[in-house]
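Going by the numbering used here, the letters in the sequence shown line up with residues 578 to 682, in that order. Structure first, then comments.
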Amino acid sequence: MYRTPLIAASVQGHLQIVKLLIENGAKVNYVSPDEGYALSAALGNYDVILYLLQHGADCSKVLYQKGGGDNLKDIYMRDWIEDEADHSAKEYQEIKELLRKKGCL
């Protein structure tokens, strides 16, 4: 299984490392055949999701290349946009607004 440094940092929620990698040329929308891409890896790490969206992450991509076909809208609508009580109102609103601006909601 191949995991890029950006995907690895996104999975772990390491925002400072994500920032450093992107500032130094990491491709935000690179898709690993095994791991998807950074935005899919960041699910649950709201500060990383927000940063990736602000830096060009494509929310319309299919999140997982193997065995799945959900895009970001499907995941967020199912898993947490409908259940905003579990999330900070600020995080929820920022991410939801970015998704809306990018045409994903």
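Note that the Cβ used here is the ideal one computed from N, Cα and C, for glycine as well. Note that the coordinates shown come from a computational prediction; the quantities given were computed from them, not determined experimentally.
_DSSP has Gly613 in a bridge; who is on the other side?_
As DSSP reads the structure, Gly613 sits in a beta bridge with Ser609.
What residues in its chain sit with their C-beta under 7 Å from that of Ala619, if we drop five residues either side in the sequence?
-> Contacts found: Ser587, Val625, Ile626, Leu629.
Review point. In angstroms, rounded to a whole number, what distance separates the CA positions of Ala615 and Ile584?
Key: For Ala615 and Ile584, the distance between alpha carbons rounds to 5 Å.
Inset, instruction - Using beta-carbon positions only, say whether Leu592 and Pro582 come within less than 7 Å of one another. - result: By the CB criterion at 7 Å, Leu592 and Pro582 fall outside the cutoff.
Point to revise | Limits of the alpha helix (DSSP H) - the one that Lys596 falls within | key: Its alpha helix (DSSP H) spans residues 592-600.
| The alpha helix (DSSP H) with Ala586 in it runs from where to where? | Unbroken alpha helix (DSSP H) run through Ala586: 582-589.
7 Å CB neighbourhood of Gln642 in its chain, flanking five on each side removed
For Gln642, the predicted structure reports a pLDDT of 47, less than 50, and the residue's modelled location is therefore unreliable. A value from the coordinates is still provided. Setting aside the 5 residues that flank it on each side, Gln642 is surrounded in the same chain by Val608, Pro610, Gly613, each with a C-beta closer than 7 Å to its C-beta; the list follows chain order.
Ignore the nearest five residues each way along the sequence and tell me which others in Leu675's own chain have a CB closer than 6 Å to its CB. Leu630, listed in sequence order.
Which of helix, strand or coil DSSP assigns to Asp635 | Note: Asp635 maps to coil in three-state DSSP.
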